[in-house]
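Remarks on the structure that follows.
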Amino acid sequence: MKLILVLGALFGHIYCRETFVGDQVLEVIPRNEEQIRHLVNLEAEEHLQLDFWKSPTIPGETAHVRVPFVSAQAVKAFLESQGIAYSIMIEDVQVLLDKEDEEMLLNQRRERSGNFNFAAYHTLEEISQEMDNIVAEHPGLVTKVNIGQSFEKRPMNVLKFSTGGDKPAIWLDAGIHAREWVTQATALWTANKIASDYGSDPSITSILDTMDIFLLPVTNPDGYVFSQTKNRMWRKTRSLTPGSSCVGVDPNRNWDAGFGMAGASNNPCTETYHGKFANSEVEVKSIVDFVKSHGNIKAFISIHSYSQLLLYPYGYKADPAPDQDELDQLAKSAVTALASLYGTKFKYGSIIKTIYQASGSTIDWTYSQGIKYSFTFELRDTGRYGFLLPASQIIPTAQETWLALRTIMEHTLNHPY
Numbered sequence: 009m010k011l012i013l014v015l016g017a018l019f020g021h022i023y024c025r026e027t028f029v030g031d032q033v034l035e036v037i038p039r040n041e042e043q044i045r046h047l048v049n050l051e052a053e054e055h056l057q058l059d060f061w062k063s064p065t066i067p068g069e070t071a072h073v074r075v076p077f078v079s080a081q082a083v084k085a086f087l088e089s090q091g092i093a094y095s096i097m098i099e100d101v102q103v104l105l106d107k108e109d110e111e112m113l114l115n116q117r118r119e120r121s122g123n124f125n126f127a128a129y130h131t132l133e134e135i136s137q138e139m140d141n142i143v144a145e146h147p148g149l150v151t152k153v154n155i156g157q158s159f160e161k162r163p164m165n166v167l168k169f170s171t172g173g174d175k176p177a178i179w180l181d182a183g184i185h186a187r188e189w190v191t192q193a194t195a196l197w198t199a200n201k202i203a204s205d206y207g208s209d210p211s212i213t214s215i216l217d218t219m220d221i222f223l224l225p226v227t228n229p230d231g232y233v234f235s236q237t238k239n240r241m242w243r244k245t246r247s248l249t250p251g252s253s254c255v256g257v258d259p260n261r262n263w264d265a266g267f268g269m270a271g272a273s274n275n276p277c278t279e280t281y282h283g284k285f286a287n288s289e290v291e292v293k294s295i296v297d298f299v300k301s302h303g304n305i306k307a308f309i310s311i312h313s314y315s316q317l318l319l320y321p322y323g324y325k326a327d328p329a330p331d332q333d334e335l336d337q338l339a340k341s342a343v344t345a346l347a348s349l350y351g352t353k354f355k356y357g358s359i360i361k362t363i364y365q366a367s368g369s370t371i372d373w374t375y376s377q378g379i380k381y382s383f384t385f386e387l388r389d390t391g392r393y394g395f396l397l398p399a400s401q402i403i404p405t406a407q408e409t410w411l412a413l414r415t416i417m418e419h420t421l422n423h424p425y
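In this text, residue positions in the sequence shown follow this note's numbering: the first is 9, and each later residue adds one.
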């Protein structure tokens with residue numbers, strides 16, 4: 009009887025969501041600039057409804073694109089006609105989604121009679137409840153701070169780790185892009201790690217004795233809920249754009265740093281739409297207001313997935329950041345620490361030189377505000393699962409990421425400015 013109920017809940021859950029039966033994710037390797045242009049033009053063909061998970065930017069570097077079942081034959085024929093090499097990375101997206109759904113529902117059953125499982129994906133409500141639990145279990149160290157509301161009026165709650173007093177701070181956030189579920193999960197694991205290890209781990213104890221840490225596990229709550237209830241592939245916010253039927257803005261193109269330049273789109277129907285104006289998204293504006301009002305944030309780290317990268321400014325221009333040498337050396341140390349646990353290899357460098365030009369990004373703005381240690385992580389993997397990373401990889405991902413985060417936080421502590 010229990011199995012029937014679980015399966016009924018599973019099918020009911022899937023029924024109301026957009027499905028991706030037969031959709032494939034292709035790994036494409038453009039050999040030259042001409043082939044990159046062909047792929048960019050292909051992406052612009054809106055009737056194909058292509059979703060580039062990893063954009064084509066550099067000859068010889070792989071690009072990843074989700075191709076709807078109805079477009080697959082035409083897209084493959086085009087690639088072959090242009091001599092562009094490709095292979096199938098994910099045979100059927102819906103197969104992975106069904107497995108993900110089933111695991112979440114089974115985990116919900118287990119958690120009713122047990123503790124919170126950090127090795128599972130959770131709803132926003134479950135994440136919020138666990139944040140409250142962390143606060144309740146560590147009342148002298150952790151508090152919950154509300155910094156605003158999302159477009160759909162969901163609270164943006166931040167965990168503040170503090171030993172008291174007026175201290176400089178480190179900011180961590182995750183989930184600015186809704187579908188990057190491993191980031192929200194990693195952030196929550198990290199919150200528990202910080203709270204649990206204070207007083208026993210010399211490193212985090214030293215950091216929190218001198219600095220505060222602010223952690224926002226779900227930066228884009230509306231998008232996250234939509235990705236769980238309607239469309240697993242949703243990336244943007246859920247704000248409305250006057251004059252367009254397309255919903256949402258890319259919140260990582262909405263910051264006031266090179267806003268509206270190359271590396272973002274002015275088309276509301278694209279995944280990188282920058283919005284009507286900088287800080288148009290209340291989720292972005294809430295963080296901007298908090299950073300400005302605090303006035304003493306020394307490191308700002310935004311956690312994304314996927315591609316296994318550690319990035320620093322700039323994204324909107326090719327000029328080296330004034331602190332590039334220090335940022336590059338720190339990034340190298342951080343990815344070395346990360347790799348020491350499971351051997352996971354990360355590339356590192358400035359956004360524009362390492363991946364592509366991206367205007368209006370979070371860390372370009374924070375860096376412009378004088379926050380020297382501004383970094384973006386792109387967590388696991390490099391494409392086998394992409395945004396659909398199995399829950400079994402959450403804890404290994406969080407554990408290795410912690411080593412890199414700790415390296416950056418220790419450096420921030422030991423190099424005051």
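All C-beta atoms, glycine included, are put in the ideal place defined by N, C-alpha and C.
Residue 260 is a Cβ neighbour of residue 370, given a cutoff of 9 Å.
For residue 397, the three-state secondary structure derived from DSSP is coil. Put simply, the stretch 383-397 touches the stretch 299-318. At least three CB pairs are less than 8 Å apart. DSSP places residue 97 in the uninterrupted beta strand (DSSP E) bounded by 93-98. By the beta-carbon neighbour count (other beta carbons within 10 angstroms, threshold 16), residue 409 is buried.
Assignment of beta strand (DSSP E) within the stretch 40-116, counting only whole runs of 3 or more residues, yields 59-62, 71-75 and 93-98 in chain order. Taking one beta carbon from each stretch, the stretch 372-387 and the stretch 303-313 have 3 or more pairs nearer than 8 Å; the two touch. Note that the C-beta distance between residue 383 and residue 342 is below 9 Å. According to the DSSP assignment, residue 387 belongs to the beta strand (DSSP E) that extends over 381-387. If the five residues before and after residue 329 are omitted, its C-beta is found closer than 8 Å to the C-beta atoms of 320, 321, 322, 335, 358 and 375, all from its own chain and listed in chain order.
Taking residue 154 as the centre and dropping the five residues before and after it, the same chain places the C-beta of 163 and 165 closer than 6 Å to its C-beta, in chain order. It is roughly 16 Å from the alpha-carbon of residue 251 to the alpha-carbon of residue 288. Counted as a single uninterrupted DSSP element, the beta strand (DSSP E) harbouring residue 157 occupies residues 150-157. Between residue 105 and the set 115, 74, 161 and 27, the nearest pair of CA atoms involves 27. Collapsing the DSSP output to three states places residue 184 in coil. Residue 224 is a Cβ neighbour of residue 179, given a cutoff of 9 Å.
Sorting 134, 206 and 413 by C-alpha distance to the C-alpha of residue 147 places 206 at the top. DSSP assignment within the stretch 308-357 yields the following whole alpha helix (DSSP H) runs of 4 residues or more, N-terminal first: 332-350. Residue nearest to residue 272 within the set 325, 218 and 121 is 325 (criterion: CA-CA distance).
By the Cβ criterion, the stretch 64-83 is not in contact with the stretch 105-121, since fewer than three pairs of Cβ atoms, one from each stretch, lie closer than 8 Å. A contact is defined here as three or more CB-CB pairs under 8 Å, and the stretch 168-178 meets this definition with respect to the stretch 214-223.
Closest in C-alpha terms to residue 54, from the list 62, 79 and 35, comes 79.
Distance between residue 398 and residue 142, taken at the CA atoms: about 25 Å.
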